[in-house]
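Residue numbers (this note's numbering), protein chains in the order written: chain A, 1 to 214; chain B, 215 to 428.
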């Protein structure tokens, strides 16, 4: 049987995995809200971000207690330090899903997504979900190899981001400046969401090996 | 005389203040590079971001050593934990200054800044510098009252950000979509820079009082 100290460390991992689950659901619903101009779904992303924040607050206070009472060293110390960093990134991913949802809400009942950008946004949403799912598995399994693979998936997001700009800058763009602004911001939100997922995976590498991926 | 342990904690504060100085200089030069389409200055912001990152890496390893050897408690533990968070925010502020500089570089020898947005960008640059200067003073002095004041300065940034959107969406906007995209991203970078400065100040409040500003 594991002692109370190691159970607390395990529970930290469990809460981080729970955060990945929450922010995955948030970006998934935000993408659908955006594509379908679904106000109710957008509102649910916005209001349920409080759960993400509460889970992070819970992680922060666990970390503080663990550090004060147990004074972890070596890999356990890396665990609490990276948990703090991962939690910060995951909380931010929740915020970014909220930003996406707010664009959907702002333009409702219209869609913020002109038809020619739709398929790119669909793919960006899929990559974002895929990245956070993998990040969550890495946190749970501490598998360095799959953590390192996330970098490649992020390259796919960067390619989609560039395609999105080509969409907006195409000669036949007929939607004017306002939708271009929306799409610019939306693209940025997905790109940042992916960056944070990659950072979470990078922290798993650091946790296990003691060195950051180059 | 202070003992070695407290000297290390002080040196952590010193390095954080140094980071605020570096990222202040970065946003100041990036703003000038943008306004004057100054390629050399833009390049200097981009290449010198390595100094910010190195200072943060130094802070991270100091923290790790401190935690492993000294097992700090109470306010000292809050100090090392907040130092990690502040360092993360300050490093990101350096990245954002680099993003601004890269827009200047991308459009050089042209200016990325249409005349009607110029005065707003000038003010955003000033507020950004002002915020990071104040954040640096708060880190050094641990003065809660001035840390709480930063929220108000951030409101000024939000107002400028909204004004920037009004500039782009004005009926007489004659620059088309590409400059609108640039300005949208630039506005976002300054806004995020300010948010991170406010977070640093919020961490000072947490460090001193043990509670986050509401």
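Glycine residues also receive a C-beta, built at the ideal position from the N, C-alpha and C atoms.
Partners in chain A for residue i, counting only beta-carbon separations shorter than 8 Å
{"i": "residue 302 of chain B", "result": "85, 88"}
{"i": "residue 295 of chain B", "result": "63, 64, 67, 84"}
Neighbouring residues, chain A, relative to residue i (Cβ below 9 Å)
{"i": "residue 340 of chain B", "result": "Those within 9 Å of residue 340 of chain B in chain A number zero; the least Cβ separation is about 24 Å."}
7 Å Cβ cut-off: residues of chain A touching residue i
{"i": "residue 343 of chain B", "result": "Near residue 343 of chain B there are no residues of chain A at all, since even the closest Cβ is about 23 Å away, more than 7 Å."}
Pair within 8 Å by beta-carbon distance, residue i and residue j
{"i": "residue 59 of chain A", "j": "residue 132 of chain A", "result": "no"}
{"i": "residue 135 of chain A", "j": "residue 197 of chain A", "result": "yes"}
{"i": "residue 251 of chain B", "j": "residue 318 of chain B", "result": "yes"}
{"i": "residue 277 of chain B", "j": "residue 259 of chain B", "result": "no"}
{"i": "residue 249 of chain B", "j": "residue 341 of chain B", "result": "no"}
{"i": "residue 331 of chain B", "j": "residue 185 of chain A", "result": "no"}
{"i": "residue 88 of chain A", "j": "residue 302 of chain B", "result": "yes"}
{"i": "residue 353 of chain B", "j": "residue 234 of chain B", "result": "yes"}
{"i": "residue 415 of chain B", "j": "residue 364 of chain B", "result": "yes"}
{"i": "residue 199 of chain A", "j": "residue 129 of chain A", "result": "no"}
{"i": "residue 394 of chain B", "j": "residue 180 of chain A", "result": "yes"}
{"i": "residue 107 of chain A", "j": "residue 203 of chain A", "result": "no"}
{"i": "residue 33 of chain A", "j": "residue 41 of chain A", "result": "yes"}
{"i": "residue 226 of chain B", "j": "residue 308 of chain B", "result": "no"}
{"i": "residue 86 of chain A", "j": "residue 190 of chain A", "result": "no"}
{"i": "residue 67 of chain A", "j": "residue 291 of chain B", "result": "yes"}
{"i": "residue 166 of chain A", "j": "residue 96 of chain A", "result": "no"}
{"i": "residue 267 of chain B", "j": "residue 305 of chain B", "result": "yes"}
{"i": "residue 154 of chain A", "j": "residue 211 of chain A", "result": "no"}
{"i": "residue 84 of chain A", "j": "residue 230 of chain B", "result": "no"}
{"i": "residue 377 of chain B", "j": "residue 188 of chain A", "result": "no"}
{"i": "residue 289 of chain B", "j": "residue 177 of chain A", "result": "no"}
Residue i: CB within 7 Å of a non-hydrogen atom of the ligand FAD
{"i": "residue 86 of chain A", "result": "You won't find the ligand FAD in this model; it holds no ligand whatsoever."}
Residue i: contacting residues in chain B (beta-carbon distance under 8 Å)
{"i": "residue 168 of chain A", "result": "391, 395"}
inquiry  = Is it the case that the region 145 to 159 of chain A contacts the region 218 to 233 of chain B, given that we only count it when at least three CB pairs across the two stretches are under 8 Å?
reply    = no
request  = Anything in the region 388 to 399 of chain B with a Cβ closer than 7 Å to a Cβ of chain A? List those residues in chain order, please.
outcome  = 391, 392, 394, 395, 398, 399
query = Are three or more beta carbon pairs between the region 408 to 422 of chain B and the region 274 to 285 of chain B nearer than 8 Å?
reply = no
query = Using a beta-carbon distance cut-off of less than 8 Å, what residues from the region 356 to 367 of chain B approach chain A?
reply = none
ask   = Of all the residues that make up the region 279 to 292 of chain B, which are near chain A by a beta-carbon distance shorter than 7 Å?
value = 281, 282, 285, 287, 291
query = For the region 185 to 206 of chain A, which residues have a beta carbon sitting closer than 7 Å to at least one beta carbon of chain B?
reply = 185, 188
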